[in-house]
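Undergrad:
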Amino acid sequence: MICDSCANYVYDEDWECYTCMVNMDEDDYYRLMSGNNKDCPYYQDNDEYKVVRHQI
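Following the working numbering, the numbering of the sequence shown begins with 49 at its first residue and continues without gaps.
1. Can you tell me the Cα-Cα spacing of V58 and V70, whole angstroms?
2. For C54, is the classification buried or exposed, using 16 other Cβ atoms within 10 angstroms of its Cβ as the cut-off for buried?
3. For the beta strand (DSSP E) containing Y66, list its first residue and its last residue.
4. Where I50 and D87 are concerned, what is the direct C-alpha to C-alpha distance, given to the nearest angstrom?
5. How many Å lie between G83 and Y66 at the Cα?
This is the structure in structure tokens:
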């Protein structure tokens, strides 16, 4: 998975670790972890400069 570059993957100060902030149900989580769905449906690119590079 590419969670490290996802905008939903943020540092949680209470847990003192990085966590996914998407509120998935059990079915979504199972599909993601089982490998049947290789791409996370909630992935959001955290690249702030993507729009700027696209305009060039």
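By construction, the Cβ of each residue, glycine as well, lies at the ideal position given by its N, Cα and C atoms.
TA: So, to answer that:
1. Counting from one through the sequence shown, the residue named residue 58 turns up at place 10. Counting from one through the sequence shown, the residue named residue 70 turns up at place 22. Each residue's Cα considered, the two are about 10 Å apart.
2. Along the sequence shown, read from residue 1 onward, the residue named residue 54 stands at position 6. C54 should be labelled buried.
3. The sequence position of residue 66 within the sequence shown is 18, counting from 1. Looking at the DSSP string, the run of the beta strand (DSSP E) that includes Y66 is C65 to C68.
4. In the sequence shown, the residue the question calls residue 50 occupies position 2. In the sequence shown, the residue the question calls residue 87 occupies position 39. Looking at the two C-alpha atoms, the distance is approximately 9 Å.
5. If you number the sequence shown from 1, residue 83 lands on position 35. If you number the sequence shown from 1, residue 66 lands on position 18. So the alpha carbons of these two residues sit roughly 21 Å apart.
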